[in-house]
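First comes the structure, then the notes that go with it.
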Amino acid sequence: MTKSNFILNKVSDEQTNFLVFFGTFVDTPKLGELRIRERTSIGVLDGIIKFVKRDSSDPVMDCLDYDASLSPDDILVVDITGEDESCLTSFYFPGFIDTHNHISQYPNVGIFGNSTLLDWLEKYTFPMEAALANQDIASEVYNKVIGRTLSHGTTTVAYYNTIDAKSAKLLAQISSVLGQRVLVGKVCMDANAPEYYIEDTKTSYESTVKIIKYIKETLGNPLVNPIVTPRFAPSCSRELMQKLSKLVKDEDLHVQTHLSENKKEIQWVQKLFPECTNYTDVYDKYGLLTEKTVLAHCVHLTDAEANVVRQRRCGISHCPISNSSLTSGECRVRWLLDQGIKVGLGTDVSAGHSCSILATGRQAFAVSRHLAMKKSDNVKLSVSECLYLATMGGAQVLNMEDTLGTFEVGKQFDVQAIDTCTPGSNVDTFHWQLQNQEQNQDFYKNPPLITKEDIIAKWFFNGDDRNTTKVWVAGRVVHQT
Ligand code: XAN
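Taking the working numbering, the leading residue of the sequence shown gets 12, the next gets one more, and so forth.
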């Protein structure tokens, strides 16, 4: 291949330039399918993928083939292959999607002792969220978390904020500046909460309306959108849920809440809502289950509840680090997927102690193995299935599968560049594992060779933010090392 026309690694924020990304593209278009396209060029204009050319020999020519009216000067090529002639050790991967993150709890990551959900909320969580009414503290935390999640390759996040509308506005502004694709949720809670951290129904509803209006009409950044956030059934009155439901329907909004995380929580919901047949029925009766609803946890769903979740086309955010840390239980992901229910991954910061979706995927893998030890091998999730949950699964949960999650023409270019050999990397591959067969036979008497899938697995199990060298959201660089 001639690279004479390439402007190597030159990236511009100017949206008028046609960007052509060259290298190996890895994604998971279907559950269980790992698609690896080497020597491929992908053309991006205004943040949207315009063409995908496999077996490319000249990315500039690919772009001119796509649009003959362009001049080579209009085209910027980004090539991540570097010295890697094998095209194995660096690749593009779709940006991760975190479907459940309590950004305002971040200062508490790692601090949960032996607590379980309900005492954890009282002891650690409500005091921390309340403290973020201080805008200086909130600003520091939001900047830190957005920077941290971007550095781990997370391009889209559904955030829970606090009950304070001012700090939700601040989150929308900061994420807009830092360039992450976000859903901003002002937490609603008008019942069963400490008196220092509760709102009345009117304030909860009106401040939700206000923040939605601000995000949609004043901020006007397509990457930043509101999400209606009734915290969970115990902290919401019937009246509040009904009002929020009307708002959701009138304005076609996303919703996020928690469902069936912990056994004591479930018993409490049954006591609080005797008119409902089960926990899921509370949200169904009060009109909060739509195809744009994200339900976090769903660890203890019954068959009847799963059926309602499926019928309403809600998505489930699987939060395995949180579920293990708070000893909530083991979500039966295979059981949900087999019923055609949409499942993505959530870090659930700070009940989850990591901002990394890669780490969350590893825990999903481990939890499925624990379930397999009690049930059967077919509940095990594979590496490619966990990566699917981290990308396409998340896109489905957020009802954004037409625009996010894979490399397809028409989708947004939300991408992370992975280098498994970056200095200081925790992913060790030996050069003789990468030799081609002929060289290998000559020089090393056949030490086992490594496949492309093996490299992805090594990254999945040992990778971290050191391997995420560059991140783009809608074609714009938002992080680089
Ligand atoms: N239920 C919850 N579960 C959780 O993991 N984190 C929370 O903040 C929360 N609130 C209700």
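Quick reminder that beta carbons are idealized off the backbone N, C-alpha and C, glycines included.
Could you tell me whether any non-hydrogen atom of ligand 1 is closer than 8 Å to the CB of residue 397?
Taking the first residue of the sequence shown as position 1, residue 397 is located at position 386. Flag unset: Cβ of residue 397 not near ligand 1.
Just how far apart, CA to CA, sit residue 204 and residue 128?
Start at 1 with the first residue of the sequence shown, and residue 204 comes out as number 193. Start at 1 with the first residue of the sequence shown, and residue 128 comes out as number 117. Roughly 14 Å between the two C-alpha positions.
The alpha helix (DSSP H) that contains residue 294, what's its start and end?
Translated into positions along the sequence shown, residue 294 becomes position 283. Per DSSP, residue 294 belongs to the alpha helix (DSSP H) from 290–296.
Would the C-beta of residue 143 count as close to ligand 3, meaning under 8 Å from any of its heavy atoms?
Among the ligands present in this structure, namely ligand 1, ligand 3 is not found.
Quick check: does the Cβ of residue 359 come within less than 8 Å of any heavy atom belonging to ligand 1?
Residue mapping note: residue 359 aligns to position 348 of the sequence shown, counting from 1. Checking the Cβ of residue 359 against ligand 1 gives yes.
Mind checking whether the beta-carbon of residue 493 lies closer than 8 Å to any heavy atom of ligand 1?
This structure cannot settle anything about residue 493, because the visible part of the chain is limited to 12 through 492.
Taking DSSP as the reference, what is the three-state secondary structure of residue 20?
As a position in the sequence shown, residue 20 is number 9, starting the count at 1. Any reading at residue 20 must be qualified, since the residue scores a pLDDT of 35, below 50, and its modelled position is unreliable; the value itself is stated next. If DSSP states are grouped into helix, strand and coil, residue 20 belongs with coil.
Within 8 Å: the Cβ of residue 247 and any heavy atom of ligand 1?
Stepping through the sequence shown from its first residue, residue 247 is reached at position 236. Residue 247: no, Cβ never under 8 Å from ligand 1.
Among 322, 319, 342, 321, which has the Cα closest to the Cα of residue 330?
In the sequence shown, counting from the first residue as 1, residue 330 sits at position 319. Considering only alpha carbons, the answer is 342.
Report the residue from 61, 399, 190 whose alpha carbon sits nearest the alpha carbon of residue 78.
Within the sequence shown, numbered from 1, the residue matching residue 78 stands at position 67. With distances taken between Cα atoms, residue 78 lies closest to 61.
Residue 74 by DSSP, collapsed to three states: which one?
Position 63 of the sequence shown, counted from the start, is the residue given in the question as residue 74. If DSSP states are grouped into helix, strand and coil, residue 74 belongs with the helices.
By DSSP, does residue 169 sit in helix, in strand, or in coil?
Numbered from 1 along the sequence shown, position 158 holds the residue referred to as residue 169. Three-state DSSP puts residue 169 in a strand.
Would you say the beta carbon of residue 306 is closer than 8 Å to some non-hydrogen atom of ligand 1?
By 1-based counting over the sequence shown, the position of residue 306 is 295. False, no ligand heavy atom lies under 8 Å from that Cβ.
Could you compute how far the alpha carbon of residue 448 sits from the alpha carbon of residue 465?
Your numbering for residue 448 matches position 437 in the sequence shown. Your numbering for residue 465 matches position 454 in the sequence shown. For residue 448, the predicted model reports a pLDDT of 49, less than 50, meaning its position is unreliable; a value from the coordinates is still stated below. Cα to Cα, the separation comes out at about 16 Å.
Check each candidate in 277, 316, 283 and name the one with the smallest Cα separation from residue 292.
Position 281 of the sequence shown holds residue 292. Considering only alpha carbons, the answer is 316.
On the criterion of 16 or more Cβ atoms from any shown chain inside 10 Å, does residue 235 qualify as buried, or is it exposed?
Locating residue 235 in the sequence shown gives position 224, where the first residue counts as 1. Classification for residue 235: buried.
Going straight from the alpha carbon of residue 468 to that of residue 395, what length do you get?
The sequence position of residue 468 within the sequence shown is 457, counting from 1. The sequence position of residue 395 within the sequence shown is 384, counting from 1. Residue 468 and residue 395 have their C-alpha atoms roughly 8 Å apart.
Less than 9 Å between the C-beta atoms of residue 280 and residue 307, yes or no?
The residue you call residue 280 lines up with position 269 of the sequence shown. The residue you call residue 307 lines up with position 296 of the sequence shown. Their beta carbons are not under 9 Å apart, which means residue 280 does not touch residue 307 by this criterion.
Look up residue 60 in the DSSP assignment and give the residues it is bridged to.
Position 49 of the sequence shown, counted from the first residue, corresponds to residue 60. Listed as beta-bridge partners of residue 60 by DSSP are 55.
By how many angstroms is the C-alpha of residue 426 removed from the C-alpha of residue 34?
Start at 1 with the first residue of the sequence shown, and residue 34 comes out as number 23. Start at 1 with the first residue of the sequence shown, and residue 426 comes out as number 415. Distance between the alpha carbons of residue 34 and residue 426: 13 Å.
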